[in-house]
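Everything below concerns the one structure shown next.
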Amino acid sequence: MKGDRVEIVIDAGGSTRTYDIEATRAGRRVEVTHGRGVVEVTEATRGGTPVRTARFMAGRVLALVEHPAPRPALEDDAAVTPLRQTA
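Sequential numbering from 1 applies to the sequence shown in the UniProt record's numbering.
Structure follows, in structure tokens:
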């Protein structure tokens, strides 16, 4: 969904670098995959065609944070009741 983004923090040898990958248009999504020592973040269309791809060595990734776009509350959303704490 437009506005979804992924923030990646990388160890750059003594300092850190931060990269943001964002779904820039309506209908696009951000996908995260990892395997064989590589983390891949891709912005893809509805049909799955990759638009932009960023690849990082998994050993250098310090943090990977997904930030979903704010979504409006639906009228059928139930109110959340807090759990009671037992003694």
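The beta carbon of each residue, even a glycine, is placed where N, CA and C say it ideally should be.
Computed from a prediction, not measured in an experiment: that's the story for all the values here.
Quiz prompt | One or two residues paired with E7 in a DSSP bridge | solution = Under DSSP, E7 forms a beta bridge with D20 and V65.
Practice problem: Along the beta strand (DSSP E) that carries E40, what are the first and last residues, could you check? | Solution: From DSSP, the beta strand (DSSP E) with E40 extends over V38 to A44.
Quiz item: Between which two residues does the beta strand (DSSP E) carrying R52 extend?
Solution: Counted as a single uninterrupted DSSP element, the beta strand (DSSP E) harbouring R52 occupies residues P50 to M57.
Quiz prompt | Residue burial classification, T45 (beta-carbon count within 10 angstroms, cutoff 16) | solution = So T45 counts as exposed.
Quiz prompt | Given 8 Å, three or more beta-carbon pairs between the region 73-82 and the region 29-41 | solution = Segments in contact, no.
Practice problem: For V30, write down the residues that DSSP places opposite it in a beta bridge. | Solution: Answer by DSSP bridge pairing, in chain order: E43.
Quiz item: Closest by CA to T53, which one among D20, V9 and T16?
Solution: Nearest in C-alpha terms to T53, of all of D20, V9 and T16, is D20.
Quiz item: If you drop the 5 nearest sequence neighbours on each side, which residues of the same chain put their C-beta closer than 6 Å to that of V41?
Solution: Closer than 6 Å at the Cβ level, and outside the excluded window around V41, lie V6, I21, V32 and A54.
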